[in-house]
Each structure stands twice: as structure tokens, then as C-alpha cells.
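Undergrad: In this note's numbering, the protein residues as written are 2 to 156.
Ideal Cβ positions, reconstructed from N, Cα and C, are used throughout, including at glycine.
Questions regarding the structure given below will be posed in turn.
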């Protein structure tokens with residue numbers, strides 16, 4: 002090593018440091034790629050599922066909102082009927098999407114438990130749609146005051 006010139010020694014030192022830098026950068030890129038894949042998986046499995054559940058809840062909330070608007074006279078019954086039908090379609094599709102996603106062992110019993118509750122809520126929302134189709138505003142008020150909330154929010 003003593004026979005090497007200073008120029009050669011510096012070139013070897015800089016070269017070895019560059020090799021270490023490239024190795025560290027490559028390792029960092031590899032780890033970032035793994036982290037991005039893990040984060041993407043987390044988003045697709047958890048966050049997207051929660052978004053679907055929020056859309057389900059929003060669909061039921063839209064039906065309640067329509068009932069109150071029709072009962073208050075700020076929305077005509079035919080327009081309310083159309084909005085309730087749209088909310089029913091949206092709710093059913095989002096629930097189907099959620100229940101067909103990859104559910105873990107803790108979610109499966111909850112989905113099964115939610116099934117009968119949603120069937121009851123769907124029946125009451127369908128009853129609301131029938132009242133709106135008939136233009137029965139007083140029936141809508143009565144349903145909203147008695148059966149709609151317990152069916153849509155059973156807690």
C-alpha cells in the first residue's frame with residue numbers, strides 16, 4: 002500500500018466510498034419499495050373497506066334525510082322517492098362490494114350479525130319508498146317518527 006501514489010490512494014478511497022454509497026442507496030430503494038407495497042396493501046384492505054362501509058351508512062342517512070325533508074315540506078314526495086331509490090341502490094352495491102372483499106376472522110361474524118339488521122333497515126326504507134311513491138306525506142312523518150330510526154340505527 003505504501004508503494005501506491007497519493008493519487009491512486011485517493012482514487013481507491015473515493016471509489017470504495019462510492020461503492021458503499023451505491024449499496025446504501027440500493028438498499029434504501031429496495032426498502033422503500035417494500036414499504037410502498039405494504040402501505041398499498043393496507044390501504045386496499047382496510048381503508049378502502051372502511052370507505053365502502055361509510056357509503057353504506059351514508060345511504061341509510063340519505064333515506065332518513067329524505068324522510069325529514071319530505072315531512073317538512075322542503076322536498077316533494079316524487080323527488081324524495083327517486084332519492085331513496087338511488088340511496089337503496091348505492092347502499093346495496095357498496096355492501097355487496099364490502100362483503101365480497103377480503104374480510105378477516107374478526108369481521109366475518111360482524112358481517113353475519115349485520116345481515117339481519119340491514120334486512121330490517123332495508124324493509125323500513127322500502128316502506129318509506131312506498132309511502133313516497135304514493136305521496137303519503139303524513140305516513141312518511143309517522144314512519145320517520147317511529148320505525149325509521151330504530152331500524153336504521155339499532156344501537
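Taking 8 Å as the threshold (C-beta atoms), are residue 81 and residue 71 in contact?
TA: yes
Undergrad: Please confirm if the segment 54–67 is in contact with the segment 120–130, defined as three or more CB-CB distances below 8 Å between the two stretches.
TA: Note that the segment 54–67 touches the segment 120–130; at least 3 beta-carbon pairs, one per stretch, sit closer than 8 Å.
Undergrad: Counting pairs of Cβ atoms below 8 Å between the segment 89–108 and the segment 50–58, do you hit three or more?
TA: yes
Undergrad: Return yes when the Cβ of residue 141 is within less than 8 Å of the Cβ of residue 133, no when it is not.
TA: Taking 8 Å as the Cβ cut-off, residue 133 and residue 141 qualify as a contacting pair.
Undergrad: With DSSP run on the structure shown, which of helix, strand or coil describes residue 78?
TA: helix
Undergrad: Since residue 102 and residue 50 are thought to touch, with beta carbons under 8 Å apart, how far apart are those beta carbons, to the nearest angstrom?
TA: Contact check for residue 102 and residue 50: beta-carbon distance about 5 Å, within the 8 Å limit, so the pair qualifies.
Undergrad: Does the distance from the CB of residue 149 to the CB of residue 68 come in under 8 Å?
TA: yes
Undergrad: Between the alpha carbons of residue 156 and residue 36, how many angstroms are there, rounded?
TA: Roughly 39 Å separates the two Cα atoms.
Undergrad: Could you name the residues of the same chain whose beta carbon sits closer than 6 Å to that of residue 96, not counting the 5 residues immediately before and after it, in chain order?
TA: 57
Undergrad: Report the option in 130, 153, 26, 10 whose CA atom is closest to the CA atom of residue 83.
TA: 130
Undergrad: Tell me which same chain residues have a C-beta within less than 8 Å of the C-beta of residue 118, skipping the five on either side of it?
TA: 155
Undergrad: Using CA atoms only, rank isn't needed, just tell me which of 110, 5, 138, 143 is closest to residue 160.
TA: Because the chain in this structure spans residues 2 to 156, residue 160 falls outside the shown range and cannot be described.
Undergrad: Helix or strand or just coil, what does DSSP make of residue 107?
TA: Secondary structure of residue 107 (DSSP, three-state): coil.
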